[in-house]
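Using the working numbering, read the sequence shown as starting at 3 and increasing by one per residue. Quick notes on the structure that follows.
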Amino acid sequence: MIARSQLRAGVGSLVFCASALIAHVGIAQDQSAAPSDAAAPAAEDAAPADPELAAMIETGHTEYLKNCRPCHGSKGTAGVPLAGNEKVSGGPDYLIWAILTGPGYMPEFAPALSNEQIAAIATYIENSWGNSNGLVTPDDVQSAR
Numbered sequence: 003m004i005a006r007s008q009l010r011a012g013v014g015s016l017v018f019c020a021s022a023l024i025a026h027v028g029i030a031q032d033q034s035a036a037p038s039d040a041a042a043p044a045a046e047d048a049a050p051a052d053p054e055l056a057a058m059i060e061t062g063h064t065e066y067l068k069n070c071r072p073c074h075g076s077k078g079t080a081g082v083p084l085a086g087n088e089k090v091s092g093g094p095d096y097l098i099w100a101i102l103t104g105p106g107y108m109p110e111f112a113p114a115l116s117n118e119q120i121a122a123i124a125t126y127i128e129n130s131w132g133n134s135n136g137l138v139t140p141d142d143v144q145s146a147r
């Protein structure tokens with residue numbers, strides 16, 4: 003008879019594989035729509051007049067592609083959508099918490115990313131795909147840790 007711990011490990015592996023497959027399908031669909039979109043922020047998101055905000059968005063875009071795109075896609079519409087998400091448009095608190103702690107199947111990034119990286123990613127998300135919520139600072143992230 004299979005031990006309960008072996009059964010749990012098997013089920014856990016199955017859930018992980020299924021979520022990875024779902025993320026992969028979402029990425030494939032996202033990439034097939036417009037592969038060049040991954041190289042630059044969406045055209046409808048005009049560059050902000052504030053140079054500090056513009057620089058943080060640019061850095062955040064790079065960090066987003068490395069850390070978030072595999073699940074959320076280059077347009078923020080795969081997995082749990084970030085585009086048009088009420089929790090994202092409500093200000094940075096939820097988004098910072100989510101990046102730090104990884105709710106649901108999302109990995110936690112608190113141990114892997116600096117306050118600066120998380121602030122840049124949050125700023126990028128907060129100012130992309132129709133969102134326009136301004137600058138998220140490393141101090142905002144530190145306060146949430």
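Don't be surprised by glycine CBs; every beta carbon is placed ideally from N, CA and C.
By the 10 Å Cβ neighbour count, where 16 or more other Cβ atoms means buried, how is residue i classified, buried or exposed?
i    : result
D142 : buried
A125 : One detail in the question is off: residue 125 reads as Thr in this sequence, not Ala. Counting Cβ neighbours within 10 Å, T125 comes out buried, since at least 16 surround it.
Q119 : buried
A121 : buried
Among the options, which has the Cα closest to the Cα of residue i?
i    : options                : result
A114 : V138, A56, K68 and T61 : K68
P109 : E118, W99 and N117     : W99
L55  : I123, K89, D95 and G92 : I123
E88  : Q144, S116 and N133    : N133
Kindly indicate which three-state DSSP category residue i falls into: helix, strand or coil?
i    : result
G92  : coil
P109 : coil
A122 : helix
P83  : coil
N117 : helix
W2   : In the structure as shown, the chain begins at 3 and stops at 147. Residue 2 is therefore absent and cannot be evaluated.
To the nearest angstrom, how far is the alpha carbon of residue i from that of residue j?
i    : j    : result
G86  : A112 : 25 Å
N135 : E65  : 18 Å
M58  : S91  : 18 Å
R71  : L102 : 16 Å
V82  : H63  : 18 Å
K77  : P105 : 20 Å
R147 : A80  : 27 Å
G93  : E128 : 8 Å
V138 : D95  : 9 Å
I61  : L97  : Just to set this straight, residue 61 is Thr in the shown sequence, not Ile. Spanning the two alpha carbons is a distance of roughly 17 Å.
D52  : S130 : 15 Å
N117 : G75  : 23 Å
C73  : Y107 : 10 Å
Q144 : L84  : 22 Å
Locate the alpha helix (DSSP H) running through residue i, then write down its first and last residues.
i    : result
P53  : P53 to N69
P140 : P140 to A146
Hey, is residue i's beta-carbon within less than 8 Å of any beta-carbon in chain B?
i   : result
E60 : This model lacks chain B altogether; it includes just one protein chain.
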